[in-house]
Every structure is written in C-alpha cells, then in structure tokens.
Amino acid sequence: MSSLMQTTLIGFMVGVLGTGAGGSMAFFLRNPTKRFLSAIIGLSSGLMVAIVTFELIPEAFAIGGVLLTTVGIALGAFAASYIDILISSLWKKSFSTKQGYIKTAILLGIGIALHNFPEGLAIGSGFSAQTRLGVGLAIVIALHNMPEGLAMVTPMRVGGYSSKKAFLLTLLAGAPMGLGAFVGGLIGEFAYDFIGVCLAFAGGTMLYITFGELIPRAKDLYSGRISTIFSILGFITGIAISKIF
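My numbering applies: residue 187 is where the sequence shown begins, and numbers increase by one.
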C-alpha cells in the first residue's frame, strides 16, 4: 500500500472512530428523561463552543490571519443559516417538534463534516512533512472528535432515530476526514493556507448551530437551569481537553 493510501486510511479511521466514540452514547440513551437530555445537549453546547473558541479559531488565526478568519467565520455562519432555512422550508407543511431535533442533528452533522475535512488536511500535511507529526495530530484530533459525536447523536435520539441509525450517521459525519487526509497528503505544504480558511468556515457553521439550535433545544426540553449549568461545565471541560491535548 502506498504512503498516500496509508495516510488516507488513517485519516478516515481517525474521523470515523473519533466521532463514532461519542456517537456510541446512542446505545445508552434509552428512555432518558427530558431533564437528562437537556443536560446532555447543554454539555454538548459548551463543548462545541470551547472547541471553536480554543481550537478552530486560534488555529485559523495562526494560519490565515484576522481577515481571512473573520470572513471564513461569517461565510460559515451564513451557509449554516441558509441550510437551516432550506430544511425548514422543506418540512414547512408538517413540521413537528421531533423534526426540529432532527433538523438540529442534520445541521450539526454538516458542521462536523465540514470541520473534519480541514482536520484531515492537517493530518495529511503532517504525514507528508514528518510521520511523527502526522501520528501526533491524528491522536489529538480523534480525542477532540468524541464530544462532537455526542453533540450530534443526542438530538437524533430525541427526534426518534434508533440507536443504530444515530450511531451510523455519526460515523458518516467523520468520513470526510479521510478525503481531507488524501488531499493533504497529495498537495502537502500547499494545503496549509487552505486549512486556515476551512477551519474558520467550519467554526462559523458550528457557532451558528450551537447558539441557534443546540442551546434553544436544550431549553425547550427542560426550562430549568440544568442546561445552563451543564453548558458551563461543558465549556470548562472543553478548555481542559484543549490544554491537555
């Protein structure tokens, strides 16, 4: 097997296994209370904000500078908003509460997939530069993808998807990392500037989804303070993950 194919396979496995590890929570979410689900979605929201704030945006700044990062975030948020409107219009005639959660999960899945592509680029570029660098990036990215899988699978379960279907969809959201690793390994260091723009774009989509979908959904499920408390806990946990890994 060529080194490029090995890099592609590693990227694919990192994306699928990392997101899938968080998505495996689908098998434990059996008849959960609304209070518990509100807490989990709140926790996921905090984790997502921390990942964007302390991982995606700083990395995008370092690679592409302030202007490209700002434009990328704005374009990402605009794209997520457009997809949100499009999905809502398709379900306009029979839009139910459960469909609302499925819409949230779809948007989140798109955001995660967009996020995984530039991370795959980073892995591929890392391996093209030095094997040790590529391995280190792969491990860190796999760990960071776990909370994203959890954030995606929870609204799917609330929306009525089976554990198996929800889990398989989280695996699918991780797959674009393999494509990113292939492109990154193919063009090597030339992918560097492109990575910054992609990270900023993904950050914009994830911020829109978190503030526009996840946090309101958590409050809809349970009106108490539990989702807010767990959002803060998730944010703190996200900081810890960023600093440790």
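The beta-carbon is built from N, C-alpha and C at its ideal position, and this holds for glycine as well. Source: prediction; values computed, not measured.
Proximity of residue i and residue j at Cβ, strictly below 8 Å
{"i": "residue 255", "j": "residue 266", "result": "no"}
{"i": "residue 224", "j": "residue 407", "result": "yes"}
{"i": "residue 366", "j": "residue 310", "result": "yes"}
{"i": "residue 289", "j": "residue 271", "result": "no"}
{"i": "residue 237", "j": "residue 424", "result": "yes"}
{"i": "residue 415", "j": "residue 329", "result": "no"}
{"i": "residue 344", "j": "residue 394", "result": "no"}
{"i": "residue 232", "j": "residue 421", "result": "yes"}
{"i": "residue 190", "j": "residue 372", "result": "yes"}
Integer Cβ distance of residue i from residue j, believed to fall under 8 Å
{"i": "residue 387", "j": "residue 258", "result": "5 Å"}
{"i": "residue 284", "j": "residue 346", "result": "5 Å"}
{"i": "residue 188", "j": "residue 353", "result": "So it is not a contact: roughly 31 Å between Cβ atoms."}
Cut-off 8 Å between Cβ atoms - residues of its own chain near residue i, not counting five sequence neighbours on either side
{"i": "residue 208", "result": "331, 332, 333, 334, 335, 336, 337, 338, 339 and 356"}
{"i": "residue 307", "result": "366, 367, 369, 370, 377, 380, 381 and 384"}
{"i": "residue 263", "result": "390, 391, 393 and 394"}
{"i": "residue 317", "result": "none"}
Among the options, nearest to residue i - alpha-carbon criterion
{"i": "residue 297", "options": "425, 390 and 411", "result": "390"}
{"i": "residue 204", "options": "358, 275 and 276", "result": "358"}
{"i": "residue 197", "options": "253, 422 and 324", "result": "324"}
{"i": "residue 221", "options": "411, 240, 422 and 426", "result": "411"}
{"i": "residue 303", "options": "316, 194 and 240", "result": "194"}
{"i": "residue 202", "options": "327, 240, 216 and 218", "result": "327"}
{"i": "residue 241", "options": "305, 253, 341 and 299", "result": "305"}
{"i": "residue 192", "options": "314, 417, 402 and 275", "result": "314"}
{"i": "residue 299", "options": "409, 417 and 200", "result": "200"}
Same chain only: Cβ atoms within 7 Å of residue i, ignoring 5 sequence neighbours per side
{"i": "residue 392", "result": "234, 238, 297 and 301"}
{"i": "residue 413", "result": "224, 225, 227, 228, 404 and 405"}
{"i": "residue 261", "result": "387 and 390"}
{"i": "residue 217", "result": "none"}
{"i": "residue 269", "result": "293 and 296"}
{"i": "residue 402", "result": "none"}
{"i": "residue 409", "result": "none"}
{"i": "residue 276", "result": "none"}
Residues near residue i by beta carbon distance below 6 Å, same chain, minus five either side
{"i": "residue 349", "result": "212 and 213"}
{"i": "residue 417", "result": "228, 231 and 232"}
{"i": "residue 342", "result": "291 and 352"}
Determine, using beta-carbon pairs with one atom in the segment 221-241 and one in the segment 351-363, whether at least three such pairs fall under 8 Å. The segment 221-241 vs the segment 351-363: no contact.
Taking one C-beta from the segment 390-401 and one from the segment 291-305 each time, how about it: are there three or more such pairs within less than 8 Å? Pairwise C-beta distances place the segment 390-401 in contact with the segment 291-305, as three or more of them are shorter than 8 Å.
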